[in-house]
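Colleague:
Residue numbers (our numbering): 1 to 431.
1) Report the CB separation of residue 24 from residue 208 in whole angstroms; it is logged as a contact under 8 angstroms.
2) Over what stretch of residues does the alpha helix (DSSP H) that includes residue 29 continue unbroken?
3) Taking the straight line between their C-alpha atoms, what separation do you get for residue 274 and residue 168?
4) What distance in whole Å lies between the Cβ atoms of residue 147 and residue 302, which are believed to be in contact at a cut-off of 8 angstroms?
5) What does the Cβ neighbour count give for residue 135, buried or exposed, with the cut at 16 atoms within 10 Å?
6) Should residue 65 be counted as a contact of the ligand MG given a C-beta to heavy atom distance under 7 angstroms?
7) Measuring CA to CA, which of 20, 21, 55, 22 is closest to residue 34?
8) Could you name the residues of the same chain whose beta carbon sits closer than 8 angstroms to that of residue 180, not counting the 5 residues immediately before and after it, in chain order?
9) Rounded to whole angstroms, what's the CA-CA distance from residue 401 to residue 291? Just pull it up for me.
10) Once the 5 residues before and after residue 27 are set aside, which same chain residues still bring their CB inside 7 angstroms of it?
11) At 4 residues or longer, and completely inside the region 35 to 67: list those alpha helix (DSSP H) runs for me, N to C.
12) Is residue 162 buried or exposed, if buried means 16 or more other CB atoms sit within 10 Å of its CB?
13) Determine the contact status of residue 327 and residue 306, defining contact as a CB-CB distance below 8 angstroms.
14) Identify, in the order they occur along the chain, each residue of the same chain with its Cβ nearer than 6 angstroms to the Cβ of residue 206, setting aside the five sequence neighbours on each side.
15) So is residue 47 buried or exposed if we call it buried at 16+ other beta carbons inside 10 Å?
16) Tell me whether the region 237 to 257 and the region 56 to 64 touch, counting them as touching only if at least three CB pairs, one residue from each stretch, are closer than 8 angstroms.
17) Hey, out of 126, 118, 249, 116, whose CA is closest to residue 174's CA?
18) Across the region 79 to 92 and the region 399 to 414, are there enough close Cβ pairs to call them in contact, namely three or more that are closer than 8 angstroms?
19) So which of 149, 375, 277 has the shortest CA-CA distance to residue 21?
20) For residue 374 and residue 278, I'd like the C-alpha separation in whole angstroms.
21) Going by other Cβ atoms of all chains shown within 10 Å of its Cβ, with 16 needed for buried, is residue 421 buried or exposed?
22) If we ignore side chains and look at the alpha-carbon of each, how far apart do residue 62 and residue 344 end up?
23) Candidates 30, 416, 95, 395: which alpha carbon is nearest residue 220's?
24) Taking only the alpha-carbon atoms, compute the straight-line gap between residue 386 and residue 75 and give it to the nearest angstrom.
25) Buried or exposed: residue 73, going by 16 or more other Cβ atoms within 10 Å of its Cβ?
26) Under a three-way DSSP split, which group does residue 83 fall into?
27) Going straight from the alpha carbon of residue 432 to that of residue 68, what length do you get?
28) If you draw a straight line from the C-alpha of residue 378 to the C-alpha of residue 391, how long is it?
29) With the cut-off set at 8 angstroms, would you say residue 166 and residue 42 are in Cβ contact?
30) Using the Cα positions of residue 215 and residue 372, report the straight-line distance between them to the nearest angstrom.
31) Leaving out the 5 sequence neighbours to the left and right, which residues in its chain are closer than 6 angstroms to residue 267 when beta-carbon positions are compared?
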C-alpha cells in the first residue's frame, strides 16, 4: 500500500469534521465572553455587532495557525516556542503556574453561580469546590473521545439556551444588517477591544494542536479537515456571541435597562427572561450559563494540562508524544491537581491582591505573545533550535494570513496595554 493511499484511508469522513475545534471554541467561550457581548448590546444596541463577527474571525486565524504549525511540522506549539529561544520558557513557566492557580478558582466559582441561582439554599463556596472535583474526575478518568462527546453535549445545551433567548427577544433584522457596518459609537473603544479580543480568546487557543494530536490528526493529510473543523466551530462561536448581543440589544437597550457586570449579569438576564416570558425560560438560560462555564472548566482541565505536560516533557528531554505528556499521563494529571486543589484555598482567602496582580499582568501578555510567535513560526525559512521546526513552504503564511495575524498582534497589544492599566492603576499612583 502506498503512503498516499494510507494517508487517504486515515482521513476521517467529512461528517466527523467537528471535533477539536468545537472543543477549543467551547472552552474559550465562557461566561466572561457572553457577559462582554451582553453588556455591549445593552449599551450600544446592534452598533457593535460587526465587532463580534470580527472577533470570531480573529480566533479562526489564530487557531488555524496553531493547528497548521502542529500538522505541518509534527511539533507541538511549545516545541515551536522553544525553538525561538530560552526566553519563551522563562515566560511560559510563571505564566502557566500563576494563571492556573487563579483560573481554577475563577472557573469553579463561575460554574457554581448558576447552580446557586437555581438552588439558593446551596453554598456558593462549597458548590464551587464540588464542581471542581467533578470536573477533575471527569477528565482524570475519561478518554479524549469521551471528553469530546461531553463538550459537544454542553455546546448543544449552550446553543439551545443562548440562541433560544435571542429568538425569544424577536430580533430586528434590519438593525442586525446595519450593525454589520464598522461604526464606532462614542465611548465604545474599550467595548470594541473587549469583544473583538475576548470572543473565545484564552490560552486554550494554543491548546488546539494538542487536541488535534489526541484526536489522531497528526500529519499534513489532515490539514483540510482541520480547517473545516476550525471554521465550523468558530461559526458556532459567532452565532453564540451574535445571539447574546441581540439579547442585550432587545431586552436591555430597547427597554433602557442597565446590565450588570461580571457573572452576575447572566443571573440578572435569567431574571429578565423570567419576568418577560415565564420562569421556565429563565431556568433554561441558567442551565445554558452552567454549560458555558463548566465546558470552559473541563476544557482547561484537559487542554492546558496537556500544554503543561508537554512543557515538562520538553524540559526533561522526553520524546515528543511520550505517554507521560498525553491525556492520562502523570504530568497531565499533576497539573490537573494544581488547577483543582490549591485554587480552593483562594475561594477561602478571596484571592490575595498580589496574586491577582500577577495573574492580570501575565494574562494580558499571553495573547500578544501567541500572535507574534505564530507570525514568526509560520514565516520562518530556516531551522530553529529544534530539528524539523521549520514549516514546509506550502504551509507557511501567505499575505492574507500574515495581514490577519498582524492585525491580531496589534489588537492584542492594545488590549494588553488597556488590561495592564486596569490591573496596575490601583497600585501605581502615577499611572
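Ideal Cβ placement from N, Cα and C applies to all residues, glycine included.
Modeller: Reading it off the structure:
1) The count along the chain shown starts at 1 and reaches residue 24 at position 24. The count along the chain shown starts at 1 and reaches residue 208 at position 208. 5 angstroms between Cβ atoms; contact.
2) Within the chain shown, residue 29 is the residue found at index 29, counting from 1. Element bounds for residue 29: n/a, residue is neither H nor E.
3) The sequence position of residue 274 within the chain shown is 274, counting from 1. The sequence position of residue 168 within the chain shown is 168, counting from 1. Roughly 12 angstroms separates the two Cα atoms.
4) Within the chain shown, numbered from 1, the residue matching residue 302 stands at position 302. Within the chain shown, numbered from 1, the residue matching residue 147 stands at position 147. Correct: roughly 6 angstroms between the Cβ atoms.
5) Here residue 135 corresponds to residue number 135 of the chain shown, with the count starting at 1. That one is buried.
6) In the structure shown, the ligand MG is absent, as is every other ligand, since no ligand is present at all.
7) The residue you call residue 34 lines up with position 34 of the chain shown. Of the candidates 20, 21, 55, 22, the one whose C-alpha sits nearest the C-alpha of residue 34 is 55.
8) One-based indexing of the chain shown puts residue 180 at position 180. Taken in chain order, the residues that qualify are 49, 50, 53.
9) What you label residue 401 is simply residue 401 of the chain shown in a count that begins at 1. What you label residue 291 is simply residue 291 of the chain shown in a count that begins at 1. Cα to Cα, the separation comes out at about 33 angstroms.
10) By one-based count along the chain shown, residue 27 stands at place 27. Taken in chain order, the residues that qualify are 204, 295, 296, 299, 300, 303.
11) none
12) Position 162 of the chain shown holds residue 162. Answer is buried; the Cβ neighbour count reaches 16.
13) Numbered from 1 along the chain shown, position 327 holds the residue referred to as residue 327. Numbered from 1 along the chain shown, position 306 holds the residue referred to as residue 306. Residue 327 places its beta carbon less than 8 angstroms from that of residue 306.
14) Locating residue 206 in the chain shown gives position 206, where the first residue counts as 1. In its chain, beyond the 5 residues on either side, 66, 77, 370 have a beta carbon closer than 6 angstroms to the beta carbon of residue 206.
15) Your numbering for residue 47 matches position 47 in the chain shown. Buried, because 16 or more other Cβ atoms sit within 10 Å of the Cβ of residue 47.
16) Yes, the region 237 to 257 is in contact with the region 56 to 64.
17) The count along the chain shown starts at 1 and reaches residue 174 at position 174. When the alpha-carbon of residue 174 is set against those of 126, 118, 249, 116, the nearest one is in 249.
18) Because the criterion of three Cβ pairs below 8 angstroms is not met, the region 79 to 92 and the region 399 to 414 do not touch.
19) Start at 1 with the first residue of the chain shown, and residue 21 comes out as number 21. The shortest Cα separation from residue 21 among 149, 375, 277 belongs to 149.
20) Along the chain shown, read from residue 1 onward, the residue named residue 374 stands at position 374. Along the chain shown, read from residue 1 onward, the residue named residue 278 stands at position 278. If you take the alpha carbons of residue 374 and residue 278, they lie about 48 angstroms apart.
21) Position 421 of the chain shown holds residue 421. Counting Cβ neighbours within 10 Å, residue 421 comes out exposed, since fewer than 16 surround it.
22) Here residue 62 refers to the residue found at position 62 when the chain shown is read from its first residue. Here residue 344 refers to the residue found at position 344 when the chain shown is read from its first residue. So the alpha carbons of these two residues sit roughly 32 angstroms apart.
23) The residue labelled residue 220 in the question sits at position 220 within the chain shown. Of the candidates 30, 416, 95, 395, the one whose C-alpha sits nearest the C-alpha of residue 220 is 395.
24) Mapped onto the chain shown, residue 386 falls at position 386. Mapped onto the chain shown, residue 75 falls at position 75. In this prediction, residue 386 has a pLDDT of 48, which is less than 50 and means its spatial position is unreliable; what the coordinates show is noted afterwards. One C-alpha to the other measures close to 10 angstroms.
25) Reading the chain shown from its first residue, position 73 is the one you call residue 73. Its Cβ being crowded by 16 or more others within 10 Å, residue 73 is buried.
26) For the purposes of this step, residue 83 is taken as residue 83 along the chain shown, with counting starting at 1. In the structure shown, residue 83 sits in coil (DSSP, three-state: anything other than H, G, I, E or B).
27) The first residue shown for the chain is 1 and the last is 431, placing residue 432 beyond what the model contains.
28) As a first step, residue 378 is located in the chain shown; it is residue number 378 there, counting from the start. As a first step, residue 391 is located in the chain shown; it is residue number 391 there, counting from the start. Answer to the nearest angstrom: the Cα atoms are 6 angstroms apart.
29) Reading the chain shown from its first residue, position 166 is the one you call residue 166. Reading the chain shown from its first residue, position 42 is the one you call residue 42. Between residue 166 and residue 42, the gap from beta carbon to beta carbon reaches 8 angstroms or more.
30) Position 215 of the chain shown holds residue 215. Position 372 of the chain shown holds residue 372. Whole-angstrom Cα-Cα distance: 27 angstroms.
31) As a working mapping, residue 267 is identified with position 267 in the chain shown. The residues 117, in chain order, have a CB closer than 6 angstroms to that of residue 267 in the same chain once the five nearest residues on each side in sequence are set aside.
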